[in-house]
Amino acid sequence: MFTGIVQGIATVATVTDRPGLRSFTLRFPTGFADGLAIGASVAVDGVCLTVTELVGADAARFDVMQQSLSLTTLGTLAEGSRVNAERAARDGAEIGGHPLSGHVDFTATVAEVRTPENNHVLRIAVPAPWMRYVFPKGYIAVNGASLTVAEADREAGWFEVWLIPETLRQTTFGDKAPGAVLNVEIERATQVFVDTVRATLEERLGPLLPALESLLRERGLNPEALAGGAPRLPR
1 MFTGIVQGIA TVATVTDRPG LRSFTLRFPT GFADGLAIGA SVAVDGVCLT VTELVGADAA
61 RFDVMQQSLS LTTLGTLAEG SRVNAERAAR DGAEIGGHPL SGHVDFTATV AEVRTPENNH
121 VLRIAVPAPW MRYVFPKGYI AVNGASLTVA EADREAGWFE VWLIPETLRQ TTFGDKAPGA
181 VLNVEIERAT QVFVDTVRAT LEERLGPLLP ALESLLRERG LNPEALAGGA PRLPR
């Protein structure tokens with residue numbers, strides 16, 4: 001498990017392709033790899049990877065299978081790429097963000113970047129099926145960082161996050177321009193809540209549900225309103 005609090009920026013030192021696998025050597029900030037062992041888990045831009053070899057005091061090698069390369073941004077990494085990194089949480093560790101599995105649900109695209117004074121705003125375009133799990137003031141993980149959704153527009157298919165200078169310093173978000181692709185992991189409790197409500201409605205309403213959703217759209221309402229919105233869960 002991870003907490004979504006990025007602990008440092010790692011740099012891709014080498015990329016090696018082998019049959020069915022791609023291996024990355026990541027160089028970490030000084031001290032990040034202290035006590036790191038083969039078999040340990042590290043979140044790399046939000047993707048849980050396993051250490052397969054230690055390379056000196058501040059680097060480690062990871063093997064990534066083809067499915068992970070195709071479903072995440074890891075397939076686009078090259079030597080010199082910078083990534084967010086977090087080591088697995090220890091028992092009893094403070095969870096400053098929210099619990100993450102390191103299993104990316106989908107990739108999204110930076111649609112717009114705004115820079116009001118002392119802030120940095122990313123508008124992120126999301127594939128339609130996933131917007132049902134995104135709520136203003138809810139939690140979401142983007143490239144392994146636990147963030148709070150500031151605004152969300154389900155009809156237009158985007159949400160926004162506001163980043164303070166410290167977040168920009170500790171992560172790679174300052175490098176992202178419109179068109180950049182990001183890894184997203186939705187908050188699991190929110191997913192369970194939404195899916196349970198939708199399944200209950202489908203079971204009880206049956207064939208009437210499509211007609212009701214159509215009526216809501218005609219009235220200018222979002223069918224997701226049937227779920228009543230997911231509550232904000234305590235950290």
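Quick note: the sequence shown uses UniProt numbering, first residue 1, plus one each step. Note that beta-carbon positions come from the ideal geometry of N, C-alpha and C, so glycine has one too. The structure presented is a predicted model; accordingly, all values stated were derived computationally and were not measured.
Classify residue i as helix, strand or coil using the three-state DSSP reduction.
i, result
"glycine 8", "strand"
"valine 192", "helix"
"leucine 100", "strand"
"serine 23", "strand"
"serine 41", "strand"
"threonine 14", "strand"
"methionine 131", "helix"
"leucine 182", "strand"
"leucine 233", "Below a pLDDT of 50, predicted positions are generally treated as unreliable, and leucine 233, at 43, falls in that range; the measurement from the model is reported next regardless. Reduced to three states, the DSSP call for leucine 233 is coil."
"glycine 60", "Before going on, a small fix: residue 60 reads as alanine here, not glycine. It is a strand residue."
"alanine 211", "helix"
Give me the Cβ distance between residue i and residue j, rounded to the nearest whole Å; I'm assuming they're in contact under 8 Å.
i, j, result
"aspartate 63", "arginine 27", "With 8 Å as the limit, aspartate 63 and arginine 27 do not qualify as a contact, their Cβ atoms being about 17 Å apart."
"glycine 8", "phenylalanine 32", "5 Å"
"alanine 37", "valine 51", "7 Å"
"valine 181", "phenylalanine 159", "Contact doesn't hold; Cβ gap of about 15 Å is too wide."
"serine 101", "arginine 61", "Contact doesn't hold; Cβ gap of about 22 Å is too wide."
"valine 12", "asparagine 84", "No, valine 12 and asparagine 84 are not in contact; Cβ-Cβ is about 12 Å, not under 8 Å."
"asparagine 143", "threonine 172", "7 Å"
"serine 41", "alanine 88", "4 Å"
How many Å lie between residue i and residue j at the Cα?
i, j, result
"proline 210", "aspartate 195", "16 Å"
"arginine 154", "isoleucine 124", "12 Å"
"glutamate 112", "asparagine 183", "16 Å"
"arginine 198", "tyrosine 133", "12 Å"
"glutamate 53", "leucine 163", "34 Å"
"alanine 152", "phenylalanine 135", "6 Å"
"proline 116", "methionine 131", "26 Å"
"residue 238", "leucine 215", "The question about residue 238 has no answer, for the chain in this structure spans 1 to 235."
"methionine 65", "leucine 147", "27 Å"
Considering only their Cβ atoms, is the gap separating residue j from residue i smaller than 8 Å?
i, j, result
"alanine 43", "phenylalanine 2", "yes"
"glutamate 187", "histidine 103", "no"
"threonine 76", "aspartate 45", "no"
"threonine 109", "glycine 157", "no"
"lysine 137", "valine 121", "no"
"serine 68", "valine 47", "yes"
"aspartate 175", "arginine 114", "no"
Looking at the strands, I want to know which residues DSSP matches up with residue i.
i, result
"glutamate 155", "DSSP lists no partner for glutamate 155."
"alanine 108", "Leu182"
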